[in-house]
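Data block below; observations after.
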Amino acid sequence: MPLFLPAPFLRFALALAFALVWAGGAFAQIDSVRVVGDGDVTRLTLWSNAPIEADTFLTEAASVRQVLLAVEGVDTAKTGPQQPVTLATGVAGYGWQNGFLAFTLDKPMMVSRKLELPPAGDEPRFRLVIDLAAVSSARFDHAAARAAPSIARHLASLADSPTETLATLDPAPAGRDVVLQPFTARDEYLIVIDPGHGGRDPGAVSSNGLKEKDIVLSAALTLRDMLEETERFRVRMTRSDDRFIELGDRVSLARDWDADLFISIHADAARTPDVAGASVYTISERGQRRIDRESERNNWQLDFEDEVSDEVSGILETLTIRETKSNSGLFAELLLPELAEAGPVLRNTHRKAGFYVLLAPDVPAVLLEMGFLTNPEDADRLADPEGRTKSMDAVADAITLYFDEQDQLFASN
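Below is the structure:
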């Protein structure tokens, strides 16, 4: 029968929990599923208390494309409700269908990497990480056609063997769904903090004269101190006093310092005072189209070995830019729940834009808007040292989570 999972295209990633039962009566509880990415490069992560063994297949039916995970011991008759993924990741949703965990796509994507990670440190769970990469429709369709016999064989094998019934998918509780402890893959990471505006450029100004350049500098210095106290991170700042730095110079500094992560801190303004809450920006498609031009203008070219041909260099450059964008999105998605615990956030919290400070081709970067100086409550919160500290605590926690996960993937390779 055709595999079809209708799903709406929404705007935020949900962490979801569900249970499955292995053949022979052994239970493997999958604690959560996370989908992060931008549709060019997207990562699926599943957590469980036991190793997750799953083959992956591509399929297309009734113009609906899916990535199927064939998990041993699942009843072929079991069909669960579709769970939506509400971020523009290229994955519209997922659910159980005919014994497969099916991720429904809204664009053609293929599996580029699959990693099985064991428990590590204080993290007792097993993880299955599947990276998807955007491909052409023709390439997806060809791969799906080749996978059809394997899917049929898998279904036939399940029909001839004992299976267990799969539990219904239920949403996970709100909040952070994973706490990872690091492998020591790197002794330290370099974080570049960029307080926006400065000097002759005050940025946004509140009704009582509060200037964005002063607020973000104070917040950035607080974040610097927090990170340096961990002795895991080195921090450099594009400015540590009231001076103006050109946008291009901010990006160039991050690249010259070989930054592992770039965070530009701002406070927003709106036409009406009722708009409030923090938001996080990563680079948009339109912004990505500026990277080549600005790289040429600012000498941001990527360096590869001399023996590499121009054709291979072009491929490596494309892959580097995609990986940078994917990592920016991953950090943003880890930051969002932390910000939500620290204070109000905008409804569409993760946003895309072509801001100049996001254009580095090889440094993952986000622009954080801590709140709106045009909103009285946000302005009071940002003017209060305790309120700024709470926001920067959220950023520091997200940075730790991000590099914990990077260390885990590094060690697995």
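So in the working numbering, the last spot in the sequence shown is 486, and the numbers never skip. Just so you know, even glycine gets a beta-carbon here, dropped at the ideal spot from N, CA and C. These numbers come from a predicted model, not from an experiment.
The segment 369-378 makes no contact with the segment 408-427; the number of CB pairs closer than 8 Å stays below 3. With a cut-off of 8 Å on Cβ pairs, the segment 338-353 is in contact with the segment 275-285, counting three or more such pairs.
Below 8 Å, too few C-beta pairs join the segment 359-367 and the segment 463-476 to call them touching: fewer than three. For A216, the CB contacts under 7 Å within the same chain, skipping 5 residues up- and downstream, are L131, M183 in chain order. Around the Cβ of R454, a 10 Å sphere holds 16 or more other Cβ atoms; the residue is buried.
For R344, the secondary structure class from DSSP, reduced to helix, strand or coil, is coil.
By the 16-neighbour rule on beta-carbons within 10 angstroms, S337 is buried. The Cβ neighbour count for T391, taken over all protein chains shown within 10 Å, is under 16; the residue is labelled exposed. Taking a cut-off of 8 Å on C-beta distances, the segment 292-310 does not touch the segment 402-410, as fewer than three cross pairs fall below it. With 16 or more other CB atoms across the displayed protein chains lying within 10 angstroms of its CB, T447 is buried. Rounded to the nearest angstrom, the Cβ distance from I203 to L117 is 4 Å, consistent with a contact under 8 Å.
Below 8 Å, enough C-beta pairs join the segment 433-448 and the segment 395-405 to call them touching: three or more. In the three-state reduction of the DSSP assignment, A127 falls in the strand class, which pools E and B. A Cβ-Cβ contact shorter than 9 Å links A206 with S185. 9 Å or more divides the Cβ of E301 from the Cβ of F213. E319 sits in coil when the DSSP states are folded into three classes, being neither helix nor strand. Burial state of P181 is buried, judged by a 10 Å Cβ sphere holding 16 or more other Cβ atoms. Under the DSSP assignment, V278 falls outside any alpha helix (DSSP H); it carries neither an H nor an E label. Rounded to the nearest angstrom, the Cβ distance from D331 to T393 is 14 Å, too far for a contact under 8 Å. For V184, the enclosing beta strand (DSSP E) covers residues 182-190. R219 counts as exposed, since fewer than 16 other C-beta atoms from the protein chains shown sit within 10 angstroms of its C-beta.
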